[in-house]
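Novice: These protein sequences, in sequence, are chains X and Z. Sequential numbering from 51 applies to the first sequence in my numbering. Sequential numbering from 253 applies to the second sequence in my numbering. Glycine included, each C-beta is placed from N, C-alpha and C at the ideal position. Owing to the predicted nature of the structure, the values given are computational and were not obtained by experimental measurement. Before I ask anything, let me first share the structure, which is written out below as C-alpha cells.
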Amino acid sequence: MTGTFVGMPAFPTAAREALGNDQLRRNLAHATGTIRAKRAAVVGEVADWEEMRDAGAALKDRVLLDLDEHLVRLEESLTAGGAVVHWARDADEACRIVADVAKAHGVDEVVKVKSMATQEIGLNEALAAEGIAAWETDLAELIVQLGDDLPSHILVPAIHRNRAEIRDIFVREMGSAGRPAPAGLTDDPARLAEAARLHLREKFLRAKVGVSGANFAVADSGTLVVVESEGNGRMCLTLPEVLVSVVGIEKVVPTWADLDVFLQLLPRSSTGERMNPYTSTWSGVTPGDGPQEVHVVLLDAGRTRVLADEVGRQALRCIRCSACLNVCPVYERTGGHAYGSVYPGPIGAILNPLLRGVGHDEQLDSLPYASSLCGACYEVCPVKIDIPSVLVDLRAQVVDAHRGGLPKPEAVAMRGAAWTLTRSGRLRLAERAAGLAGRVLGRRATLPGGRGAVRRLPGPGAAWTGARDLPAPPRESFRAWWRRTGRTEGEQ
Amino acid sequence: MRVAVMVTCVNDAMFPDTGKAVVRLLRRLGVDVEFPEAQTCCGQPMVNTGYLDEAVPVVRTFVAAFEGYDAIVTPSGSCAGSARHQHGIVARRSGDPALEAAVARTGPRTYELSEFLVDVLGVEDVGASFPHRVTYHPTCHSLRMLGVGDRPTRLLRAVRGLELVDLPGAEECCGFGGTFALKNSDTSVAMGTDKAERVVGTGAEVLVAGDSSCLMHVGGLLSRQASGVRVMHLAEVLAATEAVAEGVPS
C-alpha cells in the first residue's frame, strides 16, 4: 500500500510545492520545534555528552575498518544460535529472500516492525506483487500506510499529519485493511491510539510471519537489537512463528558492551528520552520461546559503495536517530517528501547519493545542494557525521560527473568567475563595470540608510530579486578606494 | 606583526564601507594594516558549488597575496572558515604539495574580525559609540565552523550608547547559503522571511552580523518588505564614533 518515491522531481521543484502548503509548514514547525526542545533538554543533562559522541563515532569507525571480519563473526554467531543467515547484494535480492520465506510458509500477510532498511528496499511493494500483504504496525507507519502516503521523517514518518487528518484517515481506511475504526472516533490522541491498538491487535494475534530490521547486530553473541517506543515491535518480534530481519551490514557492533554508548546516544538524540522504552534483543532461536524459525538478511544495497568513499563513508556511522532532520532549517520548511526518499533531511541529502551514486539521476544530483551548509546537523549528530563536509564533497562529485560534455550555464559562470578571481586586475575591471551599471540600476529604490537598490534583475538574477532587493553596486570598489585614498588615510 | 586585511570579494565589489570600517577600526587600535592588492577571493563560491578545479587558481592567488603575513584579518566568518577548513581540500585536489604546505601556513593565520580583536589584540572596548537599538544575528559559519562564541556580542556590549536586544532563534540559519540562495531560492527566501520577521519583532533599528552576504540576503528581504530596519556589518558599528547624547547610558 505504501507508495514509492519513483519519479519524484528534483529538490528545488519538490520544495517549491511543499513550501506552498501552509498546513504542512505549521505541522512541521510545531513538531520539529517540540522534539528539538526535548532533545536539547535531555542532552544538556549529560556532562560528558561530547566524549560520548566521540566514543560513538570512534566505535563505528573501528567497525567499518574491519567490517568484513565482523560480518563473518556475526554470521558464525547467528548460525550457531539457530538463525539462518542470508546475504543480499541489492534490494531485489533482499526482497526475493523475504518473499521466499513467506511463501514457504504459505502466508498471504506479514506483520512488520518499523524498519528503515525494509522501506529503503521497497519490501512492501515487492511482497504485494507476490500477493502478500505487509502490515505496518508502528503507529506512524500505520498512518502513512492507511493514507496511501509516503513517509516524511525517519522517526516520525507521519510528522506532516496533524491529529484531525489522522482521525479522518482511520475512519476512512481502517475498515478496508482489517478492523474498522470505532464509531464516533474523535481526534483525541488517546482515542486515536486506542483505535490503532484494536486494529493492530488482531493482526498481531493472527500473523505467522514477522518482518523487522535491526538497530544493532552484535557480532560476538549473534544478537539483534530493535529499539522502539510503542511495544508494537515487540509484539511482532515475539508472537509470530517465523521472523525475518533485514539488516544493513553497517549495523554490526563487535560486542554486547559496545551497545552501552549507543543506547545512551540514540534515545536522547532521537525521541528526546533518557532511556528507550522498548529495547528487544534476541540471539537466534530460543526453544519454546518466541519465533522458532529466525532468518537474518544481511543487506549491502550500496553500503560497500559508501564504504569506498573516503569522505562519505562516515555516513555509515548513522544510527537513524533523525536529530539532524529536527534541527534542519531546510527540512523544517520543506518537509521530508521533497527529498524523494525514505531518508529525508540532511542525512538523506548525503546517504541517497552515496548509496546510489551521482551523475545519472537529476533528483539524486540535486540532493547535495538541498542545504545552506549551516552546520546545525553536524552539531547535533550523536556519531559526529560531518554532514556539511560530505555535502560539499558530493557537490564536487556531481560537478565532476558532468565534466566533459556540453557545459551547463552554471559551469560557464563558475569558470568565468574563477578566471576573473585569479588575477586582481581582472577583478578590478569587473568592479569598475559593475560600478557603472550600478549608477543606472540603483535609481529605482533606496535601502534604509540611503543606498540605491535594484528591484528586478533579468535572467538568472531574477532568482534573487523575486523576493529580495539587491544593493546597487557601489560607484567605487574597496580596492579603488584603497588606491585613491585608503592607503594613506589618516596619516599625518 | 604584519597584518593584512582580507576584505573578501563581496565586500570589495559590493560593500566597500565594510572594508573601510575594518581599516579605520584597526588603525584606531594602533594596527598598521595592509591591503595586499593581489587578493581577490577565498574560493568558497566555487568550492561550495562543487567546482574544485576552478577553485585551485583562486586559492593560489589567495596564498600568493597573503603568504608572509603574520595575521590575515577578514570581516567574514564564512571566508575565514573557507581559508581555515576548505583550502586544504582544494590544495589536495591540485596535487601540488607546495600549495598544500602554503595553505597549511595561511589557514591558521586567518582570523575573523571579532577573533582578531578579542584574541589577538585583547580588546573588547574598541572605543566605538553608536547610539542605536540593534539586534545581532550570529552567522552560521562564524558560530559553528569557527566557534566565535560570544566575542561579537562582547564587543557590541562595550559600544557606547548601543542597546543590544536579543534576537529570538538567533542561531538559526538566515537561508543565504551562497549559491543555495539562487539554486534553492524558494527555500532560501522562506528561511530568510522567518528571520526577517523575528528581526522586525525585536523593534531594533539595525540588524548587525559579521557576514555581508547574509546581511545582503536578510537586508534584501527587509527592504522589499519596507520594514525600515537597516542592516550593518559588525565592523561598521565597531568603527562608528557617532556622538552619544548626554544622559544616554553607555
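Let me know the beta strand (DSSP E) ranges lying completely inside the stretch 317-405 of chain X, each 3 residues or longer, listed in chain order.
Specialist: 328-332, 343-349
Novice: Measuring only the C-alpha atoms, how far is X/ARG367 from X/ASP111?
Specialist: For X/ARG367 and X/ASP111, the distance between alpha carbons rounds to 7 angstroms.
Novice: On a Cα-Cα basis, can you pick out the residue from X/LYS434, X/PRO438, X/ALA388, X/ASN282 that is closest to X/SER262?
Specialist: X/ASN282
Novice: Listed from N- to C-terminal order along the chain, which residues in the stretch 266-283 of chain Z have their beta-carbon within a distance smaller than 9 angstroms of any beta-carbon of chain X?
Specialist: Answer set for the stretch 266-283 of chain Z: MET266, PHE267, PRO268, ASP269, THR270, GLY271, LYS272, VAL275, ARG276, ARG279, ARG280.
Novice: Only counting the same chain, and skipping five residues up and downstream in sequence, which positions put a Cβ closer than 8 angstroms to that of X/ARG353?
Specialist: GLY298, ILE299, GLU300, LEU366, LEU405
Novice: Measure the CB-CB distance between Z/MET266 and X/PRO432 and report whether it falls below 8 angstroms.
Specialist: no
Novice: Can you give me the C-alpha to C-alpha distance between Z/ALA353 and Z/GLY359, rounded to a whole angstrom?
Specialist: Those two C-alpha atoms are separated by around 10 angstroms.
Novice: Thinking X/VAL347 and X/ALA130 are a contact (beta carbons under 8 angstroms), I'd like their distance in whole angstroms, please.
Specialist: In this structure, X/VAL347 and X/ALA130 do not form a Cβ contact; the two beta carbons are roughly 18 angstroms apart against a cut-off of 8 angstroms.
Novice: Give me the residue from X/GLY492, X/HIS249, X/ALA307 with the minimum Cα distance to X/ASP270.
Specialist: When only C-alpha atoms are compared, the closest one is X/ALA307.
Novice: Would you mind sorting Z/GLY374 into buried or exposed? The rule is 16 or more other CB atoms within 10 Å of its CB.
Specialist: exposed
Novice: In this structure, what does DSSP give as the bridge partners for Z/ILE324?
Specialist: Z/ALA256, Z/THR362
Novice: Give me the Cα-Cα distance between X/SER279 and Z/ALA343, rounded to the nearest whole angstrom.
Specialist: 47 angstroms
Novice: Can you say whether Z/GLY282 is buried or exposed, counting buried as having 16 or more other CB atoms within 10 angstroms of its CB?
Specialist: exposed
Novice: For X/ALA365 and chain Z, any beta-carbon pair shorter than 8 angstroms?
Specialist: no
Novice: Between which residues of its own chain and X/VAL163 is the CB-CB distance below 8 angstroms, once the five residues before and five after are set aside?
Specialist: THR187, ASP188, GLY260, VAL261, SER262, GLY263, VAL276, GLU278, ASN282, GLY283, CYS286, LEU287
Novice: Applying the 10 Å Cβ sphere with the 16-neighbour rule, what's the burial state of Z/MET397?
Specialist: Buried is the call here.
Novice: Taking X/THR472 as the query, report the chain Z residues whose CB atoms sit under 8 angstroms from its CB, ordered along the chain.
Specialist: THR292, PRO309, VAL310, ARG312, THR313
Novice: Mark X/GLY540 as exposed unless 16 or more other C-beta atoms lie within 10 angstroms of its C-beta, in which case mark it buried.
Specialist: exposed
Novice: Exposed or buried, which one is X/GLY70 when buried takes at least 16 other CB atoms within 10 Å?
Specialist: exposed
Novice: Report the rounded CA-to-CA distance for Z/GLN296 versus Z/SER334, giving the unit in angstroms.
Specialist: 6 angstroms
Novice: Just the Cα atoms here: how many angstroms apart are X/GLY558 and X/PRO418?
Specialist: Given that chain X is displayed from residue 51 to residue 542, the structure contains no residue 558 of chain X and the question cannot be resolved.
Novice: State the DSSP-derived secondary structure class of Z/LEU278, mapped to helix, strand or coil.
Specialist: helix
Novice: Along the chain, where does the alpha helix (DSSP H) containing X/HIS120 start, and where does it finish?
Specialist: Its alpha helix (DSSP H) spans residues 117-130.
Novice: Using 8 angstroms as the Cβ pair cut-off and three pairs as the minimum, do the stretch 231-240 of chain X and the stretch 84-100 of chain X touch?
Specialist: no
Novice: X/LEU242 and X/ARG222: beta carbons closer than 8 angstroms?
Specialist: no
Novice: When the cut-off is 8 angstroms and only beta carbons count, does Z/GLU289 lie next to chain X?
Specialist: yes
Novice: Considering only C-alpha positions, which residue in the set X/SER226, X/LEU196, X/ALA208 is nearest to X/ILE219?
Specialist: X/LEU196
Novice: Using 8 angstroms as the limit for Cβ to Cβ distance, is X/GLU360 near chain Z?
Specialist: Not an interface residue.
Novice: Is X/ARG89 closer than 8 angstroms to X/GLY322 when the C-beta atoms are compared?
Specialist: Here X/GLY322 is near X/ARG89, since their CB atoms are less than 8 angstroms apart.
Novice: Since X/GLU159 is in the beta strand (DSSP E), which residue starts that stretch and which ends it?
Specialist: Looking at the DSSP string, the run of the beta strand (DSSP E) that includes X/GLU159 is 159-162.
Novice: Compare the C-beta of X/VAL433 with all C-beta atoms of chain Z and state if any pair is closer than 8 angstroms.
Specialist: For X/VAL433, no Cβ of chain Z is located within less than 8 angstroms of the residue's own Cβ.
Novice: Determine whether the Cβ of Z/CYS331 lies closer than 8 angstroms to any Cβ atom of chain X.
Specialist: No, Z/CYS331 does not count as interfacial toward chain X.
Novice: Rounded to the nearest angstrom, how far is the Cβ of Z/MET443 from that of X/ARG383, given a contact under 8 angstroms?
Specialist: 6 angstroms
Novice: So with CB distances below 8 angstroms, who are the chain X contacts of Z/ARG482?
Specialist: LEU497, PRO498, GLY499
Novice: Let's see if you can read the secondary structure: which residues bound the beta strand (DSSP E) around Z/MET484?
Specialist: Per DSSP, Z/MET484 is one residue of the beta strand (DSSP E) stretching across 482-485.
Novice: Can you confirm whether the stretch 384-398 of chain X touches the stretch 334-351 of chain X when touching is taken to mean that 3 or more C-beta pairs between the two stretches lie within less than 8 angstroms?
Specialist: no
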